[in-house]
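Numbering (our numbering), first residue to last: 55 to 224.
Below, the structure is given as structure tokens:
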């Protein structure tokens with residue numbers, strides 16, 4: 055499968071996959087805000103989905119470019135499991151938007167982990183986004199390798215933006 059994803063389909067077809075992950079969820083995003091999602095009949099912070107995944111033993115990696123805003127931090131504080139189990143790193147050079155689901159499906163696109171990017175905002179409020187959702191092994195492996203190379207700090211030694219790095223990976 056190689057599927058073009060546009061606008062609201064980011065929420066319907068990409069973000070909705072997160073709850074179904076069984077082993078690993080890797081997320082790379084430039085921007086991170088207080089994103090809300092539907093869960094049953096409720097609307098909950100996306101962080102509650104990550105918390106549930108962690109409680110089920112799913113490994114969750116979150117790589118982002120900058121510290122999120124106050125609303126996100128307030129939501130984060132409501133889920134103590136995130137404090138110790140969520141693997142989180144910052145790199146100010148991250149601009150890609152990649153999600154890897156159980157090492158078998160990848161989203162590669164433009165949508166940040168925000169309400170207007172990938173979240174449940176209405177058509178008149180959301181960003182115009184585009185991406186690819188795929189289970190093609192070559193594309194999944196390439197996206198995972200790219201995210202992992204930044205996660206592991208392989209690019210830190212030659213980085214010329216270390217002065218802006220508040221959470222050094224290397």
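From the three backbone atoms N, C-alpha and C, an ideal C-beta is built for every residue, glycine too.
- Membership of residue 134 in any beta strand (DSSP E) is not indicated; the residue belongs instead to the alpha helix (DSSP H) covering 134-139.
- Between residue 86 and residue 167, the gap from beta carbon to beta carbon is short of 7 Å.
- Between the C-alpha atoms of residue 105 and residue 176 there is a straight-line separation of about 25 Å.
- Its Cα nearest to that of residue 202, the residue 148 stands out among 213, 148, 221.
- The Cβ atoms of residue 69 and residue 172 sit closer than 7 Å to each other.
- About 6 Å separates the beta carbon of residue 108 from that of residue 140, a gap short enough to meet the 8 Å contact definition.
- Of all C-beta pairs linking the segment 114-121 to the segment 89-97, fewer than three are shorter than 8 Å, placing the two stretches out of contact.
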